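Its first residue numbered 75, the sequence shown is counted upward by one per residue in this note's numbering. We put the CB at the ideal spot given by N, CA and C, even for glycine. This structure is a prediction, so every number in the text was calculated from the model and none was measured. Quick notes on the structure that follows.
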Amino acid sequence: LQALLAFQIAWAAPSVTSEAERQPLNTTAIVMFVLFVVVTIAVSFWASKRTQSSSDFYNAGGNLTGLQNGTAIAGDFMSAASFLGITGLVFAFGFDGLVFAIGAFAGWPIMLFLFAKRVRNIGSYTFTDVVSRRLERRKISVVTIVGTITVVIMYLIAQMVGAGKLIELLFGLPYEVAIVTVSTLVIVYVTFGGMLATTWVQIIKAILLLLGATIIAVLVMYQVDFSLDVLLQSASAVHPKGGAILIPGVLFQDPIQVATILVAMMFGLLGLPHILMRLFTVPSMKEAKQSVFYASLFMAYFYLLLVIIGFGSVLFLYDNPSVFLDGQLIGGGNMAAIHLSNVLGGDLLMGFISAVAFATILAVVAGLTVSGAAAISHDLYAGIICKGNPDPVKELKLTRVTSISIGVIAVALGILFQNENVAFLATMPLVVAASVNFPILFLSLFWSGTTTRGAILGAIVGLISSIGLIVVGPQVWVSVLGFESPLFPYNYPALFTMPLAFITMWIFSVTDKSVQGALDRSAYHELLVSSEYGPTDHVKM
């Protein structure tokens, strides 16, 4: 869902915020943000006392409850992107703005009923652990590490650029100061507290965001006598596009375009490494399934609130000239929810919502940093370089060094790409996850014929085709490179690249007559036993 925020920034906000468009310094927001930082740093200090091993760092010792982990998982998706992005899309385009939410939420039943049990029982720390349970670890690890790092880095770029733009608008800080602040805080959370600190930061943030969204939604419904019909009809009466905002077609006229978005959001979710990692932070399969259940419950409630907040912003902002400058919403479409909070609750509510919006970025970046560090220290160093027998002290030290390095890289790339099209940056990880990680995960878990050769070649095809079609699509080929028309008509090519990856994996698996291919197929029975009852001989590294 991080693409939502980027889409909104690219659609409605200038690349460089002018002084006239920047929001006045909100003292309440700054105080609340500082309070959040103090509390979460205290949490990180507490977690650091309990993070003494690589297991503690990667999966919080595996001792979280389903409710705790489910809240943290929901926190990964109830981000500034979903809160500000969906609200802004509904504000501008009405019903079509909910397409992104529908796509992302559709992935959770699949996660609950197909993946949660098997992934939790088979793996130990990372996505690579799961697929290497029956495929040749050293070879498949190279592909999964590349897929994980690609997704993490592209997510981080989008998040850092989004953070810089938001903090410019909300707090009046320079762009560079904003992203350095975000990165520094994340490094503190992750380096000292690992997954435990990151999880509790997510839990705190998720609770605050649900609270803030609930308050805004209740205030909106109070103004319309708690009638959803009155809200929708009143909103359509003041929107420039009238009743068209209540039906599909304002933003997306092409149904294939809608399908590409739904596929990218739905299956991209199932291939996100930082989400899969959270299934290992609970002590049992039962708790893993409860994690996904609670996450689905919280997200369903959150998205229902966003329907109210989105159409509420239409009703209360379009007839309010104080929030517009030269015919445009001050700060761009991303600021619809922020302006609505100010109209309904004044500086106090606006300050609270602004601080929560910043907090969401901190929490999401922290989760991404943990998964990126695990890919390098656990999958690469422990799994490949040390062949499964690493020095625990060196591995933990490497995780922390890697976390700091990722933070520094995120700052550098955030500054480098600050004036680039953020929508392009945020689209890539979803498409890559759906085209590379998801096919490997699904076939390795559910098809006995999957072989290492098929998985590797399919992943390579998925990676190259997804990035290639994004480059020749409208967002890059026309908007960035300046060509007159795109070579590929859609921005989100997962609808085409994901099936291509599956077909390639199938072809090169069924034609694989090698010794390794036979071993891969014979290992499927053991995988079924492990997925049902938990690993019998899997040694955690």
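Taking the alpha helix (DSSP H) that residue 434 falls in, what are its first and last residues? By 1-based counting over the sequence shown, the position of residue 434 is 360. Taken as a continuous stretch (DSSP letters only), the alpha helix (DSSP H) holding residue 434 covers 410-448.
Give the secondary structure of residue 398 by DSSP, where H, G and I count as helix, E and B as strand, and everything else as coil. To locate residue 398, count along the sequence shown from 1; it is residue 324. Strand, per DSSP.
Label residue 52 either buried or exposed according to how many other C-beta atoms from any shown protein chain fall within 10 Å of its C-beta, with 16 as the threshold for buried. Lying before the first or after the last residue shown, residue 52 is absent from the chain, which here runs from 75 to 615.
Mind checking who residue 270 pairs with in its DSSP beta bridge? Here the question's residue 270 lines up with position 196 in the sequence shown. BP columns for residue 270 are empty, so no partner.
Beta-carbon within less than 6 Å of residue 241's beta-carbon, same chain only, minus the 5 sequence neighbours each way: which residues are those? Walking along the sequence shown from the start, residue 241 turns up at place 167. So the qualifying residues of the chain are 247, 252.
Please list the terminal residues of the continuous alpha helix (DSSP H) segment that includes residue 330. Within the sequence shown, the letter at position 256 stands for residue 330. Annotation: the continuous alpha helix (DSSP H) that includes residue 330 extends over 329-344.
Taking the alpha helix (DSSP H) that residue 142 belongs to, which residues open and close that run? The residue labelled residue 142 in the question sits at position 68 within the sequence shown. Note, residue 142: alpha helix (DSSP H), 140-151.
Taking the CB atoms as reference points, tell me whether residue 345 and residue 482 lie closer together than 8 Å. If you number the sequence shown from 1, residue 345 lands on position 271. If you number the sequence shown from 1, residue 482 lands on position 408. No, these two residues do not count as a Cβ contact at 8 Å.
Where the alpha helix (DSSP H) through residue 631 begins and ends: Given that the chain is displayed from residue 75 to residue 615, the structure contains no residue 631 and the question cannot be resolved.
Cutting at 6 Å between CB atoms, please list the residues of its own chain near residue 266, excluding the five before and the five after it. Taking the sequence shown and counting its residues from 1, the one referred to as residue 266 is at position 192. Result list for residue 266: 118, 122, in chain order.
So, for residue 360: in the same chain, excluding its five sequence neighbours on each side, which residues have a beta-carbon less than 8 Å away from its beta-carbon? On the sequence shown, residue 360 is found 286 positions in, with the first residue counted as 1. For residue 360, where only same-chain residues beyond five positions count, the Cβ hits under 8 Å are 140.
Relative to the C-alpha of residue 418, which residue among 238, 542, 397, 368 is closest? Translated into positions along the sequence shown, residue 418 becomes position 344. Of the candidates 238, 542, 397, 368, the one whose C-alpha sits nearest the C-alpha of residue 418 is 397.
With distances taken Cα to Cα, identify the nearest neighbour of residue 582 among 553, 517, 120, 423. Along the sequence shown, read from residue 1 onward, the residue named residue 582 stands at position 508. Considering only alpha carbons, the answer is 517.
Can you check whether the CB of residue 168 is closer than 8 Å to the CB of residue 313? On the sequence shown, residue 313 is found 239 positions in, with the first residue counted as 1. On the sequence shown, residue 168 is found 94 positions in, with the first residue counted as 1. It is a contact, given that the beta carbons lie within the stated cut-off.
Per-residue DSSP class, three states only, for residue 601: Reading the sequence shown from its first residue, position 527 is the one you call residue 601. Reduced to three states, the DSSP call for residue 601 is helix.
Compute the Euclidean distance between the alpha carbons of residue 309 and residue 453, then round it to the nearest angstrom. Reading the sequence shown from its first residue, position 235 is the one you call residue 309. Reading the sequence shown from its first residue, position 379 is the one you call residue 453. Within the model, the alpha-carbon separation for residue 309 versus residue 453 is close to 51 Å.
Under 6 Å Cβ to Cβ from residue 340, same chain only, skipping five residues before and after it: list those, please. Your numbering for residue 340 matches position 266 in the sequence shown. Around residue 340: 177, 180, 181.
Mind the definition here: the segment 458-469 touches the segment 293-309 only if three or more C-beta pairs lie below 8 Å; say whether that holds. no
Cα separation between residue 184 and residue 387? Within the sequence shown, residue 184 is the residue found at index 110, counting from 1. Within the sequence shown, residue 387 is the residue found at index 313, counting from 1. When rounded, the distance between both Cα atoms is 32 Å.
Per the DSSP calculation, residue 403 is bridged to which residue(s)? Along the sequence shown, read from residue 1 onward, the residue named residue 403 stands at position 329. According to DSSP, which records beta bridges pairwise, residue 403 is partnered with 398.
Should residue 97 go down as buried or exposed, given a rule of 16 or more other Cβ atoms within 10 Å for buried? In the sequence shown, counting from the first residue as 1, residue 97 sits at position 23. With a pLDDT of only 49 at residue 97, under the threshold of 50, the placement of this residue in the model should not be trusted, and no figure is reported.
Is DSSP giving residue 511 helix, strand or coil here? Counting from 1 along the sequence shown, the entry for residue 511 is found at position 437. Under the three-state reduction of DSSP output, residue 511 falls in the helix class.
C-beta contact flag for residue 546 and residue 561 at 8 Å: Translated into positions along the sequence shown, residue 546 becomes position 472. Translated into positions along the sequence shown, residue 561 becomes position 487. The answer is yes: Cβ separation under 8 Å.
Under three-state DSSP, which class holds residue 595? Working through the sequence shown from its first residue, we reach residue 595 at position 521. Helix.
Confirm, please, whether the CB-CB distance from residue 264 to residue 272 is below 8 Å. Looking up residue 272 in the sequence shown gives position 198. Looking up residue 264 in the sequence shown gives position 190. A contact, by the Cβ cut-off of 8 Å.
Where does residue 461 fall in DSSP's three states? By one-based count along the sequence shown, residue 461 stands at place 387. Of the three classes helix, strand and coil, the one that applies to residue 461 here is coil, per DSSP.
Once DSSP output is grouped into helix, strand and coil, what is the label at residue 205? Within the sequence shown, residue 205 is the residue found at index 131, counting from 1. In this structure, residue 205 counts as helix in the three-state DSSP scheme.
Looking at the secondary structure, which residues open and close the alpha helix (DSSP H) in which residue 299 lies? Working through the sequence shown from its first residue, we reach residue 299 at position 225. DSSP places residue 299 in no alpha helix (DSSP H); its state is neither H nor E.
Beta-carbon gap between residue 585 and residue 535 smaller than 8 Å: As a working note, residue 585 is residue 511 in the sequence shown. As a working note, residue 535 is residue 461 in the sequence shown. No, they are not a contact pair.
Is there contact between the segment 141-149 and the segment 362-379, where contact requires at least three CB pairs shorter than 8 Å? yes
So what does DSSP say about residue 316, is it helix, strand or coil? Within the sequence shown, residue 316 is the residue found at index 242, counting from 1. Of the three classes helix, strand and coil, the one that applies to residue 316 here is helix, per DSSP.
State the Cα-Cα distance for the pair residue 425 and residue 234, rounded to the nearest angstrom. Numbered from 1 along the sequence shown, position 351 holds the residue referred to as residue 425. Numbered from 1 along the sequence shown, position 160 holds the residue referred to as residue 234. Answer to the nearest angstrom: the Cα atoms are 21 Å apart.
Where do the ends of the alpha helix (DSSP H) carrying residue 362 lie? Start at 1 with the first residue of the sequence shown, and residue 362 comes out as number 288. Run containing residue 362: 359-391, per the alpha helix (DSSP H) assignment.
Sort 503, 368, 384, 429 by Cα distance to residue 224 and report the nearest one. As a position in the sequence shown, residue 224 is number 150, starting the count at 1. The shortest C-alpha separation from residue 224 is found at 503.
Quick check on this structure: which residue in 108, 114, 163 has the alpha carbon closest to the alpha carbon of residue 403? Within the sequence shown, numbered from 1, the residue matching residue 403 stands at position 329. The residue with the shortest Cα to Cα distance from residue 403 is 163.
Range of the contiguous alpha helix (DSSP H) that encloses residue 583: As a first step, residue 583 must be located in the sequence shown, where it is residue number 509. Unbroken alpha helix (DSSP H) run through residue 583: 568-584.
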